[in-house]
Amino acid sequence: MKSKKREKIDKMKEKITMAAVKVYAAKGMQGIRITDIAREANISYGLVYHYFKNKEDVMNEIFSRSINIFLEAIEKVSYKDETLESKLRGVTNFLFNACREMPEFMHVIMYEVIWTPKFLETRNFISFTRAFTIFEKMLSTCKQNGEISRDTDVTVATYMFFGGLEMLLTGIVLKAIPINKQEIFDRISDRFIAQYIRGIRVKEGIKNGI
1467 MKSKKREKID KMKEKITMAA VKVYAAKGMQ GIRITDIARE ANISYGLVYH
1517 YFKNKEDVMN EIFSRSINIF LEAIEKVSYK DETLESKLRG VTNFLFNACR
1567 EMPEFMHVIM YEVIWTPKFL ETRNFISFTR AFTIFEKMLS TCKQNGEISR
1617 DTDVTVATYM FFGGLEMLLT GIVLKAIPIN KQEIFDRISD RFIAQYIRGI
1667 RVKEGIKNGI
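Numbering-wise (the numbering used here), the sequence shown opens with residue 1467 and increments by one.
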């Protein structure tokens, strides 16, 4: 159980971090200042420095939180006794819901975090690779039990899924892909998973009208 002091520290760091997310979403990484974060959090300038060393330290907290979102999405489904399709739907639905419930946070992740070299430094890189490793092991299990083709390269398939999902999430954050209605949300998720699993090439029998 957390002590009251630890809870107080965590709550204040959460407040400062989410204020920083709002400022980053509005101004971008280059235009942000500690004073902007303090103003958004409605706290003193000096109090930010009590919890964070500098602007980069605040950003690193956002990095950590963002990669943990992806890691949590993978870990939630990887060990469930479900089909691969159900597991993939769990991942996409988790992240699609994050776009709807935390639009500013997902905006910062897709625009600022992923494309920032510091994103993959040290502890963030460890969490990032852990997400890929868990997903790759999940595909390996599916390969062993015959759910996916034995000639599947699980490493390539892992990067294909994450790469496609990243572009899809970017489209949602840009509002180029609407998910404001549940039926649209479900259709996009289902189509993404179906095309990932089955591919887009016309099957020979279908092409010949058989």
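Note that beta-carbon positions come from the ideal geometry of N, C-alpha and C, so glycine has one too. Just so we're clear, the structure is a prediction, and the values are computed from it rather than from any experiment.
- For valine 1487, same chain residues with a beta-carbon under 7 Å away, outside a window of 5 residues either side, are Ile1528, Glu1570, Phe1571 and Val1574 in chain order.
- The beta carbon of tyrosine 1662 lies closer than 8 Å to those of Leu1554, Met1626, Phe1627 and Gly1630 in the same chain, with the five residues before and after it left out.
- The Cβ-Cβ distance between valine 1620 and glutamate 1602 falls below 8 Å.
- When C-beta atoms of the region 1593-1607 are compared with those of the region 1637-1654, fewer than three pairs fall below 8 Å, so the two segments do not count as touching.
- The C-beta distance from isoleucine 1503 to isoleucine 1482 rounds to 6 Å, short enough to fall under 8 Å.
- Looking only at Phe1560, Glu1548, Phe1518 and Asp1547, the smallest Cα-Cα distance to leucine 1537 is reached by Phe1560.
- Straight-line spacing of the CA atoms in isoleucine 1498 and serine 1615 works out to 48 Å.
- Note on geometry: alpha-carbon atoms of lysine 1521 and tyrosine 1511 lie some 12 Å from one another.
- In the three-state reduction of the DSSP assignment, isoleucine 1509 falls in the coil class.
- The closest CA to that of methionine 1525, considering only Val1489, Ile1540, Arg1596 and Gly1637, is found on Val1489.
- If you ignore the 5 residues before and after glutamate 1632, its C-beta comes within less than 6 Å of no other C-beta in its own chain.
- Take lysine 1493, set aside five residues on each side of it, and the residues of its chain with a beta-carbon closer than 8 Å to its own are Asp1502, in chain order.
- Between isoleucine 1533 and serine 1593 a beta carbon distance of about 4 Å is seen, short of the 8 Å cut, so the two are scored as contacting.
- Of the other Cβ atoms in all chains shown, fewer than 16 fall within 10 Å of the Cβ of phenylalanine 1591; this residue is therefore exposed.
- When rounded, the separation of the alpha-carbon atoms in glutamine 1610 and threonine 1618 is 11 Å.
- With a beta-carbon spacing of about 6 Å, phenylalanine 1658 and threonine 1558 fall inside the 8 Å limit used to define contacts.
- The Cβ atoms of methionine 1484 and tyrosine 1517 do not sit closer than 8 Å to each other.
- Under the criterion of beta carbons closer than 8 Å, phenylalanine 1598 and threonine 1624 qualify as touching, at roughly 6 Å.
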